[in-house]
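Okay, so here's the structure we're looking at.
Residue numbers (this note's numbering): 26 to 182.
Structure follows, in structure tokens:
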């Protein structure tokens with residue numbers, strides 16, 4: 026793995042972001058992520074959204090991990106994600122709305138313990154959208170939507 030990064034640096038090309046590093050180290054090919062299963066997109070989107078929330082919380086201050094976890098949990102639960110996507114729907118572009126709908130209409134194998142089925146399906150759509158934007162390297166749009174959604178529902182990190 027280090028060899029490909031070293032080769033890239035020796036060639037005078039420095040990886041500018043995580044996507045570039047992942048592509049260089051693991052020889053990832055470009056894919057058409059709009060054709061991926063919405064549950065696969067949600068799988069990635071769940072992790073990416075949580076990483077964004079955790080990153081912001083950690084950068085707000087060095088506090089106990091138990092308190093960090095408690096704060097993060099409030100933002101990543103299905104009910105919160107459902108409220109975020111409802112606030113974001115009027116702001117989504119056509120393709121983003123299509124990805125959300127595919128995620129919302131997917132038949133997940135699991136359901137959330139502390140959320141209604143409706144909330145869980147909306148959260149799955151939200152996660153699918155986040156996964157889609159992340160995999161397409163549309164980080165600015167992903168962060169913009171997360172920030173806008175949090176602002177519109179009145180949540181402050």
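Each residue gets a CB set at the ideal place from its N, CA and C atoms; glycine is no exception.
Taking Cβ positions, are residue 67 and residue 153 nearer each other than 8 Å? yes
Own chain, CB closer than 6 Å to residue 112, minus 5 neighbours either side, in chain order: 174, 177, 178
Report buried or exposed for residue 134, applying the criterion of at least 16 other Cβ atoms within 10 angstroms of its Cβ. exposed
Residue environment, residue 73, which counts as buried when at least 16 other CB atoms sit within 10 Å: buried
For residue 63, which of helix, strand or coil comes out of DSSP? helix
Distance, Cα to Cα, residue 82 vs residue 131? 31 Å
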